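Take the sequence shown: its position 18, counted from the start at 1, is 18 in the numbering used here, and no numbers get skipped. To start, the structure under review is shown below, and the notes come after it.
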Amino acid sequence: MGHRPEIGNLQAPKTAKAGQPIPITVTARKDGSSGCGLVVSFGDGSDRQFKINGDDGKLPVTMEHAYKKDGKYTVRASGRQITTSKECKGSASAVIQVGEPKPANKSAKSK
C-alpha cells in the first residue's frame, strides 16, 4: 500500500479583477502513489474537489476561478475524504485581493 500525497503549496496571483478568471495551482510537498481527496475552498463560499491519483490525476493540479465581487479572499487547499479516497495530507493557503483594497477607516480615533 502506497503513501498519500502531501499538499505543499498553493500558488495564486496576489491581485485580480472581479469577473476575471485566475489560475490557482496546488503542488505537492511529497508525492505519493495512493489516491486521496483534496478540496480547494475559494473563500467566496464555493469550492472544488479533486481525487488525486484517481479521476483528476496527480499533483500539481491547476484550476481557474473568477470572483464576482471585489474583496480580500483566502484560498485554502486541504485534504478531504471523497467517497473511498482518504484525505490528502497537509494544507496550504494564499490571499487574493480582488479589485482595489478598501481604504483604512481613518475616522476611528485611538486614545
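Virtual Cβ for every residue (Gly too), placed ideally from N, Cα, C. Everything numeric in this text was worked out from a predicted model, so none of it was measured.
Residue nearest to Asn53 in terms of C-alpha spacing, selected from Asp31, Asp44 and Tyr73: Asp31
Could you give the C-beta distance for Ile22 and Glu64, rounded to a whole number, given that I count them as a contact under 8 Å? 7 Å
Suppose contacts are defined by Cβ-Cβ distances below 8 Å. Is Arg76 in contact with Leu38 by that definition? No, these two residues do not count as a Cβ contact at 8 Å.
Closest residue to Ala92 among Arg4, Gly2, Ser78 and Ala12 (Cα-Cα distance): By alpha-carbon distance to Ala92, the top candidate from Arg4, Gly2, Ser78 and Ala12 is Ser78.
With H, G and I counted as helix, E and B as strand and the rest as coil, what does DSSP make of Tyr67? Tyr67 falls in the coil class under three-state DSSP.
Work out the CA separation of Tyr73 and Glu87 for me, nearest whole Å. 24 Å
On a Cα-Cα basis, can you pick out the residue from Thr25, Lys17 and Lys58 that is closest to Pro5? Lys58
Taking Cβ positions, are Gly35 and Ser85 nearer each other than 8 Å? At the C-beta level, Gly35 and Ser85 come within 8 Å of one another.
Quick check: the Cα distance between Arg48 and Gln20, rounded to an integer number of angstroms? 18 Å
Could you give the residue range of the beta strand (DSSP E) that holds Phe50? Asp47 to Ile52
Quick one: grab the DSSP three-state call for Gln20. coil
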